[in-house]
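Trainee:
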Amino acid sequence: MPKVTSVIVPYATYLRVYEPLAAFPEPERSQWARYARRTDRPSYQDELRRALADLAPIPPVPVPVHESDDAFVLDVDGVVCVCPWRTRLRGWLALEELSEELPPPVMDAVLPPVLRRQAAQDYERWLTINPDARPWIRTATWQVPINWFVLVSDEEREYDKGASADSPPVLRYRTPMVQARRRVARGLRALREAMNEGPLIDGLTDVGRWLEEFHPRSLVELDYGGLVHVVPAGTLEDDHSAADVAEGIAALRRGDGAGAGEAYARLVERWRSVRNLRSAN
1 MPKVTSVIVP
11 YATYLRVYEP
21 LAAFPEPERS
31 QWARYARRTD
41 RPSYQDELRR
51 ALADLAPIPP
61 VPVPVHESDD
71 AFVLDVDGVV
81 CVCPWRTRLR
91 GWLALEELSE
101 ELPPPVMDAV
111 LPPVLRRQAA
121 QDYERWLTIN
131 PDARPWIRTA
141 TWQVPINWFV
151 LVSDEEREYD
161 KGASADSPPV
171 LRYRTPMVQA
181 RRRVARGLRA
191 LREAMNEGPL
201 IDGLTDVGRW
211 LEEFHPRSLV
221 ELDYGGLVHV
231 VPAGTLEDDH
241 SAADVAEGIA
251 ALRRGDGAGA
261 GEAYARLVER
271 WRSVRNLRSA
281 N
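In full-length UniProt numbering, the protein residues as written are 1 to 281.
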């Protein structure tokens, strides 16, 4: 498949759900079965490059006109599992989030109001036909949200330094859906016993509800994505954020507020340097 550009896009990290083919109705199931046999499947970098190419014209294209027919594919113990890209749906959702994050003058400069209104109208029409739609992929920029680390354990961490430009570094976690849901429940219980409310509880509750939408035999993947290209190799190799989060939750469960604070401080310090890259020249 041709690439728009060879430039590496470094800022996105991902939380993905891979569902077994049995979770998809026909004819979609057969479509993904055929797709899984392809040898030229694109990567997440190809998706990002296409999105950036859509933003280059004047006026820009904030959301793809057509839905992607691509997906990520894994073989999980002999079972083919698929994570559809659903780039158009994710584009609409990202546009809503961006409108909440940027001041109106900045948002108007990035994407004129007329384009945003048209995208919102297209999304509303689409939702009337697809009311139960949900993305298989969540994306974050210049960070991995802390609540994502609750879903995985340090034992599931996979790190590969990468041998060349064609084999870049990889840092990810993969866990069965049943484990991810169990960890969400335990984490929420510990957090709610220690505090009444907060962004970590809200975020973890939201992720837990999202996970409930998928087949129980799915696989959950936390992928550092393009951040591996900008974070120093030594920093990546020493990054055990999931272990810090697990330690912090275990400390809360024991009533050890000081221990939880120390684990949280390590996380904040580690990710501050990554977030600072966002504003670096």
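Just so it is clear, CB atoms sit at the ideal spot from N, CA and C, and this is done for glycine as well. Predicted model, so just to flag it, every value in this text is computed and none were measured.
Which two residues bound the contiguous beta strand (DSSP E) that contains I146?
Mentor: Counting along the chain, I146 falls outside any beta strand (DSSP E), though it belongs to the alpha helix (DSSP H) covering 146-149.
Trainee: Suppose contacts are defined by Cβ-Cβ distances below 8 angstroms. Is A258 in contact with E247 by that definition?
Mentor: no
Trainee: Would the segment 80-93 and the segment 46-57 be scored as touching if the rule is three or more Cβ pairs under 8 angstroms?
Mentor: yes
Trainee: Return the residue from the list V230, A242, G203, L252 that minimises the CA-CA distance to R275.
Mentor: Cα-wise, what sits closest to R275 is V230.
Trainee: State buried or exposed for P62, treating a residue as buried only when at least 16 other CB atoms are found within 10 Å of its CB.
Mentor: buried
Trainee: Give a yes or no on whether the C-beta atoms belonging to Y159 and L236 are separated by under 8 angstroms.
Mentor: yes
Trainee: Considering only residues of the same chain and omitting the five flanking positions on each side of F149, which have a CB-CB separation below 6 angstroms?
Mentor: S241, A242, V245
Trainee: With a CB to CB cut of under 8 angstroms and the five nearest residues on each side skipped, what residues in its chain are close to R278?
Mentor: Y11, T141, W142
Trainee: Within the chosen definition, does the segment 214-225 reach the segment 172-192 through at least 3 CB pairs nearer than 8 angstroms?
Mentor: Enough Cβ pairs lie closer than 8 angstroms, so yes.
Trainee: Flag this pair as touching only if the segment 191-199 and the segment 122-142 have three or more C-beta atom pairs under 8 angstroms; answer yes or no.
Mentor: no
Trainee: Examine chain D for any beta-carbon lying closer than 8 angstroms to the beta-carbon of V207, and answer yes or no.
Mentor: Looking at the structure shown, chain D is missing, and only one protein chain is on hand.
Trainee: How many angstroms separate the CA atom of E124 from the CA atom of A233?
Mentor: 44 angstroms
Trainee: In this structure, how does DSSP classify residue 284 when only helix, strand and coil are distinguished?
Mentor: Outside the shown range of the chain, which is 1 to 281, sits residue 284, and nothing can be said about it.
Trainee: Taking buried to mean at least 16 other C-beta atoms within 10 Å of its own C-beta, is M1 buried or exposed?
Mentor: With a pLDDT of only 39 at M1, under the threshold of 50, the placement of this residue in the model should not be trusted, and no figure is reported.
Trainee: Can you tell which of Q118, G187, V80, F214 has its C-alpha closest to the C-alpha of L95?
Mentor: The option with the nearest alpha carbon to L95 is Q118.
Trainee: In terms of alpha-carbon separation, which member of V268, L111, D238 lies closest to P57?
Mentor: Answer by Cα proximity: L111.
Trainee: Pick helix, strand or coil for A133, following the three-state DSSP scheme.
Mentor: The DSSP-derived three-state label of A133 is coil.
Trainee: Between R253 and R189, what straight-line distance do the alpha-carbon atoms span, to the nearest angstrom?
Mentor: 9 angstroms
Trainee: Candidates A22, W126, L151, P60: which alpha carbon is nearest R186's?
Mentor: L151
Trainee: Could you name each continuous alpha helix (DSSP H) segment of 4 residues or more that falls completely within the segment 183-257, going from the start of the chain to the end?
Mentor: 199-211, 233-237, 241-254
Trainee: Which runs of the beta strand (DSSP E) spanning at least 3 residues fall entirely within the segment 56-129, listed in chain order?
Mentor: 71-76, 79-84
Trainee: Per DSSP, A140 forms a beta bridge with which residues?
Mentor: Paired residue(s): T13.
Trainee: Below 8 angstroms on the Cβ atoms is my guess for V73 versus A33; work out the distance and round it to an integer in Å.
Mentor: About 10 angstroms separates the two Cβ atoms, so there is no contact after all.
Trainee: Less than 8 angstroms between the beta carbons of G203 and N147, yes or no?
Mentor: Cβ distance < 8 angstroms, so G203 and N147 count as in contact.
Trainee: Given a cut-off of 8 angstroms, decide if L211 and R181 are closer than it, judged by their beta-carbon atoms.
Mentor: Taking a C-beta distance under 8 angstroms as the contact criterion, R181 and L211 qualify as a contact pair.
Trainee: Could you check the C-alpha separation between residue 315 and I201 for me, to the nearest Å?
Mentor: Only positions 1 to 281 of the chain appear in the structure, and residue 315 is not among them; the question remains open.
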